[in-house]
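Undergrad: Mind having a look at this structure? Questions to follow.
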Amino acid sequence: MARYTHTIDNKGRVIVPAKLREQLDGVLIVTQGIDEGFLAAYTPEEFELIKDQILNHSSTGYVIRKLKREVLGSSTVCEFDGQGRISVPAFLWDHISVKPGEDVCFIHVFDKIEICAQSFYDKLQEEDKPLSEMDLSSYEIRGL
603 MARYTHTIDN KGRVIVPAKL REQLDGVLIV TQGIDEGFLA AYTPEEFELI KDQILNHSST
663 GYVIRKLKRE VLGSSTVCEF DGQGRISVPA FLWDHISVKP GEDVCFIHVF DKIEICAQSF
723 YDKLQEEDKP LSEMDLSSYE IRGL
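Position 128 of the sequence shown, counting from 1, maps to 730 under this note's numbering, and the rest follow consecutively.
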């Protein structure tokens, strides 16, 4: 797990960090993230699990309909090109307010890769409360 920064080219492509590409099979499913300002990228297998969980819920509830619309409806298959880049549609870059020539941050968080504007990530780090000031006791995570 790590964090990497790359620049979006003028065609909306971005290099997937080599360390991440080594763990992937040439394709990512990129979609809107749950948190504002983030995209989420999954392996096809992981995305299939998420899709199945969402589809197993009744569509009568607003939250499930919104998940279907925003997570499933915006999902895009992004295959690596010969240079290790993926082409992300403009509507997804717009979702996180980035344009060609700007840097994006790839954050590998075990089951997915989060992608956000580098400027957004920097601002989040400045404004967000540090973990040392958060109450983590209810999560029962040993070793922290």
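Just so it is clear, CB atoms sit at the ideal spot from N, CA and C, and this is done for glycine as well. Quick caveat, the model's predicted, so the values are computed rather than measured.
Got a sec? Which residues, its chain only, sit under 7 Å from A604 by beta carbon, not counting five neighbours each side?
TA: Same-chain partners within the cutoff: K621, H710.
Undergrad: Among R687, L738, K714, I656, which one has its Cα closest to the Cα of V618?
TA: Comparing Cα-Cα distances from V618 to each of R687, L738, K714, I656, the minimum goes to R687.
Undergrad: Please return the same chain residues whose Cβ sits closer than 7 Å to the Cβ of L626, not counting the five positions on each side in sequence.
TA: Hits under 7 Å: T645.
Undergrad: Mind listing, in chain order, the continuous beta strand (DSSP E) runs of no fewer than 3 residues lying wholly within the stretch 675-736?
TA: Runs found: 678-681, 687-689, 705-710, 715-719.
Undergrad: In the DSSP assignment, the alpha helix (DSSP H) including I656 goes from what residue to what residue?
TA: That run of the alpha helix (DSSP H) goes 646-657.
Undergrad: Hey, would you say V665 sits closer than 9 Å to Q634, going by beta carbons?
TA: No, the pair does not count as a contact, with Cβ atoms beyond the cut-off.
Undergrad: Just tell me which of L657, T678, I715, S676 has its CA closest to the CA of A642.
TA: Selected option, being the one with the closest Cα: I715.
Undergrad: Let me check understanding here. Comparing Cα to Cα, which of D713, F722, S721 lies closest to E648?
TA: The residue with the shortest Cα to Cα distance from E648 is D713.
Undergrad: Work out the CA separation of L738 and S661 for me, nearest whole Å.
TA: So the two alpha carbons sit approximately 34 Å from each other.
Undergrad: Just to check my reading of the structure: V632 and T678 have Cβ atoms closer than 8 Å, yes? What is that Cβ distance to the nearest angstrom?
TA: Indeed they touch by this definition, with Cβ atoms about 5 Å apart.
Undergrad: F640: buried (16+ other C-beta within 10 angstroms of its C-beta) or exposed?
TA: It counts as buried.
Undergrad: In the DSSP assignment, find the unbroken beta strand (DSSP E) run with R744 in it and report its ends.
TA: Careful: R744 lies outside any beta strand (DSSP E) and carries neither H nor E.
Undergrad: Look up V618 in the DSSP assignment and say whether it is helix, strand or coil.
TA: Looking at V618 - three-state DSSP - the assignment turns out to be coil, as it is neither helix nor strand.
Undergrad: Evaluate R671 with the Cβ neighbour count: other Cβ atoms within 10 Å of its Cβ, from every protein chain shown; 16 or more gives buried, anything less gives exposed.
TA: Burial call: exposed.
Undergrad: For Q634, which residues does DSSP report across the bridge?
TA: Bridge partners of Q634: L641.
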